[in-house]
Amino acid sequence: MSLWEYANPRKFMALSGKLLPWTAVGAALLCCVGLIWGFFFTPDDFRMGSTVKIIYIHVPSAMMAINVWVMMLVTSLIWLIRRHHVSALAAKAAAPIGMVMTLVALATGAIWGNPMWGTYWAWDPRLTSFLILFLFYLGYMALWEAVEDKDTAADLTSVMCLVGSVFALLSRYATRFWNQGLHQGTSVPVATGERTVDDVFFIPLAISMVGFAVLFVALVLLRTRTEVRARRLAVLNARERMSA
Amino acid sequence: MIDLGKYAADVVLAYCISLGLILGLIGLSIYRAKRMKADLAAAEARIEARQNNGT
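Here the protein sequences come in this chain order: A and B.
According to UniProt numbering, the residues represented by the first sequence are 1 to 244, in order.
According to UniProt numbering, the residues represented by the second sequence are 1 to 55, in order.
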């Protein structure tokens with residue numbers, strides 16, 4: 001059996017219908033455990049005080065803001081190369097999730113920054129690239145709505161996704177490219193494993209990060225199913241109009 | 001209730017805004033999914049009824 005078989009809307013609907021309840025329950029459990037543990041049962045940091053509790057939302061949302069765009073990049077490439085409609089619809093379905101995650105990361109970062117840096121905003125490389133990524137999300141969603149022909153919209157948004165990927169990567173690696181920014185480097189480097197966060201903070205943070213990732217999977221399945229149904233409804237309505 | 005110290009307002013505000021946005025996204029996604037499912041079912045039923053009447 002090939003993975004491409006799931007590009008068939010009927011097969012996708014059958015599989016996603018089975019996966020959705022499990023991912024939704026998993027996301028609810030993991031997010032609740034991670035956030036409640038982080039908020040209520042972790043100590044204050046000796047420098048940051050209780051603002052350290054913001055990381056249990058800020059870090060997972062920032063991680064997802066970038067990863068959602070990477071997922072959109074992959075599905076956009078699949079659309080451009082293989083013309084599978086489900087992949088284009090999955091990218092469309094993921095964009096509002098990524099936009100909200102980027103907004104959450106920006107808002108929580110600003111709220112944390114005010115007491116810690118003395119300002120809500122600085123034109124720091126990572127903050128600026130995140131703001132541009134947020135604007136790309138808005139532009140991507142607006143482009144889908146602006147073009148009437150859905151295949152043309154999928155083509156144009158896929159190209160826009162390729163361009164925006166530069167800023168998604170800049171957001172991820174900005175603290176390595178430029179050293180003059182306020183934002184610190186990553187505290188949980190996946191590649192080296194040399195994290196600078198103590199277990200008392202890291203364990204609920206890791207649970208929250210996994211929870212946000214599973215929440216994204218649940219939401220993207222739900223929203224892609226909605227997009228597939230919307231496309232089918234549009235086809236039925238068009239057929240009715242032609243036969244009337 | 002836990003003591004968040006002098007940063008209590010910042011921490012609570014960050015959580016309220018974040019949870020509001022995320023729960024809003026979840027709520028809108030579920031609402032739109034249900035509405036689209038109902039609209040599609042209604043359209044399919046309408047077409048099936050028309051085909052049955054036509055034969």
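Even for Gly, the Cβ is constructed at its ideal location relative to N, Cα and C.
Practice problem: Check whether the Cβ of A:F212 sits closer than 7 Å to any heavy atom of the ligand MN, and report yes or no. | Solution: Inclusion of the ligand MN in the displayed structure is not the case, the ligand content being empty and no account of it being possible.
Practice problem: Assign A:D124 to buried or exposed, taking buried as 16 or more other Cβ atoms, counted over all protein chains shown, within 10 Å of its Cβ. | Solution: buried
Practice problem: Helix, strand or coil for B:G20, going by three-state DSSP, please let me know. | Solution: helix
Quiz prompt | C-beta neighbour in chain B for A:E240, strict 8 Å | solution = yes
Quiz prompt | alpha helix (DSSP H) segment containing A:S76, residue limits | solution = 55-82
Quiz item: Can you find a C-beta in chain B that's less than 8 Å from the C-beta of A:A122?
Solution: no
Self-check item: Selection of the segment 91-110 of chain A by Cβ proximity to chain B, strictly under 8 Å
Solution: P96, I97, V100, L103, V104, A107, T108
Quiz item: Quick one: complete alpha helix (DSSP H) runs, 4+ long, within the segment 92-165 of chain A?
Solution: 125-146
Quiz item: How about A:S208: is its C-beta nearer than 8 Å to some C-beta of chain B?
Solution: no
Self-check item: Exposed unless 16 or more other CB atoms sit within 10 angstroms - verdict on B:I2
Solution: exposed
Quiz prompt | Cβ contact check for the segment 82-89 of chain A and the segment 217-234 of chain A: 3 or more pairs under 8 Å | solution = yes
Practice problem: Return yes when the Cβ of A:F216 is within less than 8 Å of the Cβ of A:V33, no when it is not. | Solution: no
Quiz item: Does the separation of the CB atoms of A:H85 and A:R126 fall below 8 Å?
Solution: no
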